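Position 185 (the sequence shown) corresponds to 185 in UniProt numbering; numbering is contiguous.
For each residue, glycine too, the CB sits at the ideal point set by N, CA and C.
Only a predicted model underlies this, so the values are computations on that prediction, with no experimental measurement involved.
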Amino acid sequence: MQILWLDTVDSTNKYALAHLDTLADCAVIAAEEQTAGRGRLNRNWVSPRGENIYCSIVLKEQKSNPLLTVLAALAAAQTVRRRGLAARIKWPNDVLVNEKKICGVLAESNAKGLVIGIGVNINMSAGNLAALDRPATSLQAETGQIHDREKFLRELLENFFAFYEQARREGFAKLAEIWQNELDLTGKRVKIQTVQQEFYGTVIQIDKEGALLVATAQGVEKVLAGDVHVV
Ligand code: BTN
């Protein structure tokens, strides 16, 4: 597996997108720190030096597909669980431990391919965690131990590429099924926040494309990106 380790970068996603011409398919960019880490919904991703994993996977043959980001969340949850923690996935692709965020995924694409960015809080200090504007945790905060970041990254990538190969062999619809079971949102009353709007409804299911179908008083809404809160 080709991992390009950068010391410092504005954003591994931005770097990967800018270098898609020269990077191999399935290449991985990782960095010690990001000075302008990007999160979903135009948020920033706080990326202090040497504490966490900041990486981007290059998929040159793929177009934007919400189910591909799910692969990353499933792989990250699996890797966290291997360390004895009960990780759960929050739609669309956050990984939580004890209801606090430990991992986020941001897929970005251009005409040349797709990049899946993954941030996992590994040894994030209590001070840096407390300074975040929403509840977050790290492997160290949950286990009281320092974790080997490179080992975690390699395992995470192995898990990711195993799911990726499976999805390519068996089709992405199969993945939507696994995801549906993981998420356990069917029938739940939720509040949805997207960049444009906020509304309430009841989750019907996740469709084959990975979108959340929500029954509201106005009809069925198909949500591809946003935040979901069970109410
Ligand atoms: C989220 O908002 O939950 C998504 C966070 C994604 C962060 C990762 S860190 C590596 C990659 N590079 C970025 O700039 N963002 C992603």
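Query: The ligand BTN and T194: does the residue's C-beta get closer than 8 Å to at least one heavy atom of that ligand?; Result: no
Query: According to the Cβ coordinates, are E51 and N128 closer than 9 Å?; Result: yes
Query: Pick from V214, D184, R189 and E165: whose alpha carbon is nearest that of A75?; Result: E165
Query: Is the stretch 90-98 in contact with the stretch 165-177, if contact means three or more CB pairs nearer than 8 Å?; Result: no
Query: Name the DSSP beta bridge partners of F161, please?; Result: Note: F161 sits in no beta bridge, so no partner.
Query: Pull the bridge partners of D227 from the DSSP assignment, please.; Result: Q193
Query: Is G210 near the ligand BTN - that is, is its Cβ less than 8 Å away from at least one heavy atom of it?; Result: no
Query: Taking N181 as the reference, which of R88, R40 and I29 has the closest Cα?; Result: R88
Query: Just tell me which of A107, A36, M1 and A215 has its CA closest to the CA of V70.; Result: A107
Query: From which residue to which residue does the alpha helix (DSSP H) around E142 run?; Result: L139 to T143
Query: Would you check whether the ligand BTN has a heavy atom nearer than 8 Å to the C-beta of Q34?; Result: yes
Query: Grab the span of the beta strand (DSSP E) containing I146 for me, first residue to last.; Result: Counting along the chain, I146 falls outside any beta strand (DSSP E), and DSSP gives it neither H nor E.
Query: Mapping the DSSP letters down to three states, classify residue 237 as helix, strand or coil.; Result: There is simply no residue 237 to check, as the chain begins at 1 and stops at 231 in what is shown.
Query: How many Å lie between Q197 and V231 at the Cα?; Result: 17 Å
Query: D21 to K112, Cα distance in whole Å?; Result: 7 Å
Query: Hey, would you say E155 sits closer than 9 Å to T35, going by beta carbons?; Result: no
Query: For E32 and R49, which I take to be in contact (beta-carbon distance under 8 Å), what is that distance rounded to the nearest angstrom?; Result: 6 Å
Query: Where DSSP assigns a beta bridge to A136, which residues make up the other side?; Result: K101
Query: DSSP has F199 in a bridge; who is on the other side?; Result: I192
Query: Is G201 closer than 9 Å to T186 when the C-beta atoms are compared?; Result: no
Query: Could you please give me the residues that DSSP links to I178 through a beta bridge?; Result: Note: I178 sits in no beta bridge, so no partner.
Query: Could you have a look at A87 and say whether DSSP puts it in helix, strand or coil?; Result: strand
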